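The block underneath contains the structure these notes are about, expressed in structure tokens.
Residue numbers (the numbering used here): 1314 to 1880.
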């Protein structure tokens, strides 16, 4: 592979990876800091590693290698010690009589290449690899994480008590380059991994870091326990929180530009026995799905839902536990009905994504802007469509019902297990049965299931499925016979899905339409079970049955449907 004669910046601009304006900003910063252009582009988020590395590889004439082509066994090279390899993020790949092949995060570092050549007496042939792939391979080969190996110290637990820590000391720790870089890498890798949350949890002898990917937590490499105060302080500074306050929970937000896109982080800190636990919720504006067709609705359910959301007035509810995709469904629905002739106002806690053409309000209970108070003001704004983030109390429920009865289309969410449970919950809140029967148009219950990774999907015969489900199949009823005995699919695990067998999520749905039979039951204050049975009799498909459709289509697995519909 021959190196390019054009500069890296010229190629990036030509191919639309970086805008000329962004490049001018980076060049100005380079003059101040003296760092390499490619490093600054990555650190400042003007370009993602996936976009930069193929161009960088072509520019240098150095092959780009994936993680699977890096060795998992250590190659001992005379003259090179492990501490240097970790610090420089260089991995020996092949050792010949006169040559040494190494994988590097930055093959453009000629000083490092020359130094290795002098020490080993061999010609050095560089390969380009992602930094996280090099550090992961170094850990596998040499037994420690690259982050820990780069730090000095004996690894003993040493942290200060609250009385010994002072604010200036914390601020100094948080301003050190390794801490800033660690936090940046932590967030960058989470975004690359499609994580929705980052959990940083202190325990007596370790600091644990976990990413929530497709709704499930996964452990990732963590720094030494003694860096906890510095890392938490760095995050607090970024979120404009009080770094001196460690006894009370705090909430904040961080806005970043990373991998070429805008990222919002919601930050929550919570005091625990061994220090502050921090959770960062990643809100990627570019990743929100506003197209109802892409959310996983079956065609018949989507048709009924789309007919429902264009009604001129009434109340429509979406139910399910936290993290079941309710807000995404509502945003997709608002996007569907959004048009120049409609005024749409939302009140949320918090506003997770910004929608064009929609007036969005963030509740602030500390100054009296609650859902109920905000909703009263919204109604006076002459809206056509109102979206309430969540009905939490009787007052909000009552105003929502009144708004639906007076010519507004009202969307909201409730935390109930199924669609029929939402009706019972509103009656329990004190809503009059005749008002609810007149205002409620429909209730959508939903869950999110993990999709089988398309790159490693394989068939599983019925015997394997039956074995996996165990006693439940033989005892009858949990899994339909056609699925238990037929062919289903699972993910074998590959690099694309981080060996989990799953990649991405989609919804399973239960849509309760409030027609005359259901309306009559509401007027009789019937229980949720009775309403559910009547709705099923009228053609409603329950959550689990919708899940079996996805299993039969090869979208997800039997165990995944059982996991999310266990209740």
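Glycine included, each C-beta is placed from N, C-alpha and C at the ideal position.
Bear in mind that the values here come from a model prediction, so they are computed numbers and not experimental data.
In the DSSP assignment, find the alpha helix (DSSP H) that holds residue i and state where it starts and stops.
| i | result |
| --- | --- |
| residue 1445 | 1444–1455 |
| residue 1872 | 1871–1877 |
| residue 1733 | 1732–1741 |
| residue 1546 | 1541–1551 |
| residue 1842 | 1841–1850 |
| residue 1673 | Where residue 1673 is concerned, there is no enclosing alpha helix (DSSP H), although the beta strand (DSSP E) it sits in stretches over 1672–1675. |
| residue 1649 | 1639–1650 |
| residue 1514 | Counting along the chain, residue 1514 falls outside any alpha helix (DSSP H), though it belongs to the beta strand (DSSP E) covering 1508–1515. |
| residue 1690 | 1684–1692 |
| residue 1430 | 1423–1433 |
| residue 1616 | 1612–1621 |
| residue 1503 | 1490–1505 |
| residue 1860 | 1856–1866 |
Using 10 angstroms around the beta-carbon of residue i, count the other beta-carbons present and answer buried if the total reaches 16, otherwise exposed.
| i | result |
| --- | --- |
| residue 1844 | buried |
| residue 1822 | buried |
| residue 1771 | exposed |
| residue 1541 | buried |
| residue 1859 | buried |
| residue 1890 | Since the displayed the chain opens at 1314 and closes at 1880, residue 1890 lies outside it and no answer follows. |
| residue 1459 | Interpretation of residue 1459 is limited by its pLDDT of 38, a score under 50 that renders its predicted location unreliable; no figure is taken from the coordinates. |
| residue 1445 | buried |
| residue 1450 | buried |
| residue 1473 | Any reading at residue 1473 needs caution, since the residue's pLDDT is 43, under 50, leaving its predicted position unreliable; the model's value is listed next. Classification for residue 1473: exposed. |
| residue 1319 | exposed |
| residue 1669 | exposed |
| residue 1400 | exposed |
| residue 1367 | exposed |
| residue 1776 | Caution is warranted here: a pLDDT of 46 is assigned to residue 1776, below 50, making its placement in the model unreliable, and the coordinate value is therefore given only provisionally. Exposed, since its Cβ has fewer than 16 Cβ neighbours within 10 Å. |
Return the Cβ separation of residue i and residue j in integer angstroms, given the expectation that the two are a contact with Cβ distance under 8 angstroms.
| i | j | result |
| --- | --- | --- |
| residue 1701 | residue 1660 | 6 angstroms |
| residue 1760 | residue 1877 | 4 angstroms |
| residue 1804 | residue 1814 | 3 angstroms |
| residue 1716 | residue 1736 | About 18 angstroms; that fails the 8 angstroms criterion. |
| residue 1699 | residue 1727 | Not really, about 15 angstroms apart at Cβ, beyond 8 angstroms. |
| residue 1552 | residue 1565 | 3 angstroms |
| residue 1873 | residue 1762 | 5 angstroms |
| residue 1650 | residue 1622 | 6 angstroms |
| residue 1696 | residue 1639 | 21 angstroms between Cβ atoms; not a contact. |
| residue 1718 | residue 1751 | 6 angstroms |
| residue 1353 | residue 1342 | 6 angstroms |
| residue 1375 | residue 1420 | 5 angstroms |
Can you give me the start and stop residues for the beta strand (DSSP E) that residue i sits inside?
| i | result |
| --- | --- |
| residue 1349 | Element bounds for residue 1349: n/a, residue is neither H nor E. |
| residue 1583 | 1574–1585 |
| residue 1802 | 1801–1804 |
| residue 1436 | 1436–1441 |
| residue 1698 | 1698–1701 |
| residue 1531 | 1529–1533 |
| residue 1524 | 1520–1526 |
| residue 1723 | 1722–1727 |
| residue 1822 | 1815–1826 |
| residue 1568 | 1563–1571 |
| residue 1407 | 1403–1408 |
| residue 1759 | 1753–1765 |
Compare the Cα-Cα distances from residue i to each of the options and report the closest residue.
| i | options | result |
| --- | --- | --- |
| residue 1871 | 1559, 1797, 1649 and 1841 | 1797 |
| residue 1799 | 1436, 1502, 1841 and 1773 | 1773 |
| residue 1340 | 1327, 1321 and 1329 | 1321 |
| residue 1518 | 1575, 1525 and 1587 | 1587 |
| residue 1793 | 1396, 1430, 1634 and 1875 | 1875 |
| residue 1394 | 1642, 1433 and 1502 | 1433 |
| residue 1447 | 1838, 1710, 1377 and 1746 | 1377 |
| residue 1863 | 1802, 1668, 1635 and 1806 | 1802 |
| residue 1381 | 1869, 1812 and 1343 | 1812 |
| residue 1795 | 1379, 1359, 1766 and 1866 | 1866 |
| residue 1618 | 1626, 1627, 1625 and 1605 | 1605 |
| residue 1372 | 1440, 1407, 1410 and 1412 | 1440 |
| residue 1454 | 1487, 1437, 1502 and 1385 | 1385 |
| residue 1576 | 1419, 1720, 1671 and 1500 | 1500 |
| residue 1666 | 1642, 1538 and 1808 | 1642 |
| residue 1360 | 1574, 1410, 1563 and 1584 | 1574 |
| residue 1694 | 1851, 1711, 1628 and 1672 | 1672 |
| residue 1543 | 1879, 1489, 1351 and 1418 | 1489 |
Is the shortest distance between the beta-carbon of residue i and the beta-carbons of chain C less than 8 angstroms?
| i | result |
| --- | --- |
| residue 1616 | In summary, chain C is missing from the structure at hand, where a single protein chain is found. |
Checklist entry - Three or more beta-carbon pairs under 8 angstroms between the stretch 1803–1823 and the stretch 1748–1766, yes or no? => result Yes, since at least three Cβ pairs between the stretch 1803–1823 and the stretch 1748–1766 fall closer than 8 angstroms, the two stretches touch.
Checklist entry - Can at least three beta-carbon pairs, one atom from the stretch 1541–1553 and one from the stretch 1491–1508, be found at a separation below 8 angstroms? => result Short answer: they touch.
Next on the checklist: Would the stretch 1586–1604 count as touching the stretch 1680–1696 if we require 3 or more Cβ pairs under 8 angstroms?
Outcome noted: Under the 8 angstroms Cβ criterion, the stretch 1586–1604 does not count as touching the stretch 1680–1696, having fewer than three qualifying pairs.
Item to check | At least three beta-carbon pairs within less than 8 angstroms, the stretch 1501–1511 to the stretch 1523–1535 | outcome: With contact defined as three or more Cβ pairs closer than 8 angstroms, the stretch 1501–1511 and the stretch 1523–1535 are in contact.
Checklist entry - Between the stretch 1420–1435 and the stretch 1382–1398, do three or more beta carbon pairs fall short of 8 angstroms? => result Touching, yes.
Next on the checklist: Between the stretch 1567–1582 and the stretch 1607–1622, can you find at least three pairs of beta-carbon atoms closer than 8 angstroms?
Outcome noted: Counting Cβ pairs under 8 angstroms, fewer than three are found: no touch.
Checklist entry - Counting pairs of Cβ atoms below 8 angstroms between the stretch 1737–1755 and the stretch 1826–1838, do you hit three or more? => result Contact holds: three or more Cβ-Cβ distances are below 8 angstroms.
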